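In what follows, a structure is listed as structure tokens, so that the remarks can point back to it.
Residue numbers (this note's numbering), protein chains in the order written: chain E, 1405 to 1558; chain D, 705 to 1140.
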């Protein structure tokens, strides 16, 4: 199965964590079955990806109350949809729900979350999130390999 | 019996940005109405001072994720006017294509996900997708074409970076455009079918006396160039914007309100104004669609804006095809030399005229910039529209009153981030008999 790893983020502060993981993965050698891309706008970029890919690993900043820089695999049930429904505020969860409603072919969707620090302006990640990028990239890649049915040690 | 009713919507839903509505009605008359734009000002006009004017297209595209091209285009036109740059006709054509991409994407998102739920009494676009999957898929396919245009000329669809003063950083190849052209030709029928579907929906009607303002070009449907004209006599070139319009601060909004200098009156910019004032400049297909919908345009009716957007999607598809069919490859030329001066640009953002003036010094550094987005121009008209709804509101439940007000605001597709989400409604009733 072909797997697409998508780093989601906005480019501001720790919200750029997903984008930074995508860049990190794109710099390394990847199996042919795994592709990496960035998504700065769930509507429409993520929606388009969900309309095409069989399996997706989403990497995004999260707010769970864990220490900043914590990395973990998330369950779909843990993702809540924001009530803000302007097309500016159309989030990842809304894009997923819309894609499913429209019959997205994505059979499997996995989530990797990186705990973000307080909201701030500027384009630099906090030190804690920056140092967590390799761990998040490794988890995303391991999940992608498992879905693609590749030996995770190769 | 005296009844005072206060409706406060803390955050408007399905609009672009952060805004609220406060409405107080006493004995059937509005005593207080405020469309409150509380999104914090972002001071773009101050933070770009001292930067190189050549940086403005990339910096200003950051103002909005929905209509970045408008900010880029008005600014480059202003700078080119200040530096007396003659823009090559092929660049002009590609700019129309670029802008058409933004219109297609912005209009379809608004029509399908923000506006259509109102006509069907649904909460959001997800429900529309459940009940009308074919139409939503059609809208998304069309929108994707707009996205492709933005990526082709802008390098990316979000905050594109392909624009420079005098042209584009990269000119697309004939093959890239030919492929896009084939898809756009196939999309014509889809755009017509989508507009037809919107025509079957119970879209309300609120005709009213509104001064419509749009760009008017002698030959083309006004997008990047033309005089600023109104349905009641305004006719000025972009450098004379200040002679016809003025901006004023109002206490309840972080956005300036624009008004007519002539009488302080309100006016409306946007697709309804454009389709009305430039009906004779529409492409044959878009013109035919407008003719079929003629009763909806007999008098200015903000609720008909959805049809104007649908007509403009057709127009934008036709504009794009025309540009692609006439395209001849060319090599970008050297960047123009900066000079000291002041220039003005007015272009048609999806939501209406976006006026920008830029002053640069001899080194090409920005000394001053002024940006007047469409939503701040439409605020007074939106408030007047809501005021007229007051009698209807009094007969409704709190929930229905909130829905009616929000739907009316959404007809304008306000981009509040550019200039103003969700309403916790509080209604205060004061009955003089009961309180006596």
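The beta-carbon is built from N, C-alpha and C at its ideal position, and this holds for glycine as well.
Only a predicted model underlies this, so the values are computations on that prediction, with no experimental measurement involved.
Three-state class that DSSP yields for residue i in the structure shown
i               : result
residue 1097(D) : helix
residue 949(D)  : strand
residue 854(D)  : helix
residue 1489(E) : Per-residue confidence for residue 1489(E) stands at a pLDDT of 46, beneath the threshold of 50, marking its modelled position as unreliable; the derived number appears in the next sentence. Correct three-state label for residue 1489(E): coil.
residue 960(D)  : coil
residue 1143(D) : Examination of residue 1143(D) is not possible in this model, given that chain D is present from 705 through 1140 alone.
residue 883(D)  : helix
residue 890(D)  : helix
residue 807(D)  : helix
residue 1109(D) : helix
residue 1103(D) : helix
residue 1447(E) : helix
residue 836(D)  : coil
residue 1031(D) : coil
residue 819(D)  : helix
residue 1082(D) : helix
residue 1037(D) : coil
residue 739(D)  : strand
residue 1074(D) : strand
residue 775(D)  : helix
residue 940(D)  : strand
residue 1015(D) : helix
residue 709(D)  : strand
residue 900(D)  : helix
residue 1020(D) : helix
residue 1001(D) : helix
residue 1050(D) : strand
8 angstroms Cβ cutoff met for residue i and residue j
i               : j               : result
residue 914(D)  : residue 1085(D) : yes
residue 1075(D) : residue 1060(D) : yes
residue 1021(D) : residue 888(D)  : yes
residue 976(D)  : residue 955(D)  : no
residue 891(D)  : residue 1506(E) : no
residue 812(D)  : residue 973(D)  : no
residue 1435(E) : residue 1543(E) : no
residue 1089(D) : residue 794(D)  : no
residue 1533(E) : residue 1440(E) : no
residue 988(D)  : residue 877(D)  : no
residue 1539(E) : residue 1461(E) : no
residue 1015(D) : residue 994(D)  : yes
residue 957(D)  : residue 831(D)  : no
residue 1142(D) : residue 711(D)  : Here chain D comprises residues numbered 705 to 1140, so residue 1142(D) is not present and cannot be evaluated.
residue 1465(E) : residue 1551(E) : no
residue 847(D)  : residue 1448(E) : yes
Chain D residues whose Cβ lies nearer than 7 angstroms to that of residue i
i               : result
residue 1505(E) : 830, 833 and 834
residue 1444(E) : 862
residue 1369(E) : Since the displayed chain E opens at 1405 and closes at 1558, residue 1369(E) lies outside it and no answer follows.
residue 1502(E) : 829, 830 and 833
Among the options, nearest to residue i - alpha-carbon criterion
i               : options                               : result
residue 927(D)  : 1057(D), 1047(D) and 1025(D)          : 1057(D)
residue 758(D)  : 776(D), 746(D), 1019(D) and 874(D)    : 776(D)
residue 803(D)  : 852(D), 878(D), 901(D) and 736(D)     : 852(D)
residue 1483(E) : 1495(E), 1554(E), 1510(E) and 1422(E) : 1495(E)
residue 1092(D) : 723(D), 737(D), 710(D) and 712(D)     : 737(D)
residue 902(D)  : 963(D), 936(D), 953(D) and 840(D)     : 840(D)
residue 849(D)  : 971(D), 1112(D), 894(D) and 725(D)    : 894(D)
residue 952(D)  : 1105(D), 921(D) and 1081(D)           : 1081(D)
residue 1453(E) : 1530(E), 1539(E) and 1406(E)          : 1406(E)
residue 898(D)  : 1062(D), 763(D), 843(D) and 748(D)    : 843(D)
residue 1444(E) : 969(D), 1101(D) and 862(D)            : 862(D)
residue 1141(D) : 980(D), 983(D), 984(D) and 945(D)     : Because chain D is modelled from 705 through 1140, residue 1141(D) falls outside the range shown and cannot be assessed.
residue 797(D)  : 1110(D), 1070(D), 991(D) and 925(D)   : 925(D)
residue 1562(E) : 1523(E), 1500(E) and 1522(E)          : As displayed, chain E neither begins before 1405 nor continues past 1558, which places residue 1562(E) out of reach and without an answer.
residue 1039(D) : 1009(D), 756(D) and 749(D)            : 756(D)
Partners in chain E for residue i, counting only beta-carbon separations shorter than 7 angstroms
i              : result
residue 851(D) : 1448
residue 841(D) : 1506
9 angstroms Cβ cut-off: residues of chain D touching residue i
i               : result
residue 1498(E) : 828, 829 and 830
Closer than 9 angstroms at the beta carbon, the chain E residues around residue i
i              : result
residue 837(D) : 1505, 1506 and 1507
| task | Decide if the stretch 864–876 of chain D is in contact with the stretch 815–823 of chain D; the criterion is three or more beta carbon pairs, one per stretch, under 8 angstroms apart. | result | Taking one beta carbon from each stretch, the stretch 864–876 of chain D and the stretch 815–823 of chain D have fewer than 3 pairs nearer than 8 angstroms; the two do not touch.
| field | Stretch-stretch touch, CB-based, cutoff 8 angstroms, three pairs: the stretch 1023–1031 of chain D with the stretch 873–892 of chain D | value | The stretch 1023–1031 of chain D is in contact with the stretch 873–892 of chain D.
| Just checking, does the stretch 1510–1525 of chain E make contact with the stretch 1419–1437 of chain E on the three C-beta pairs under 8 angstroms criterion? | With a cut-off of 8 angstroms, the stretch 1419–1437 of chain E and the stretch 1510–1525 of chain E count as touching, because enough Cβ pairs lie within range.
| request: Count the C-beta pairs between the stretch 1043–1054 of chain D and the stretch 784–791 of chain D that are closer than 8 angstroms, then say yes if the count reaches three, no if not. | output: The answer is yes - the stretch 784–791 of chain D touches the stretch 1043–1054 of chain D, with three or more Cβ pairs under 8 angstroms.
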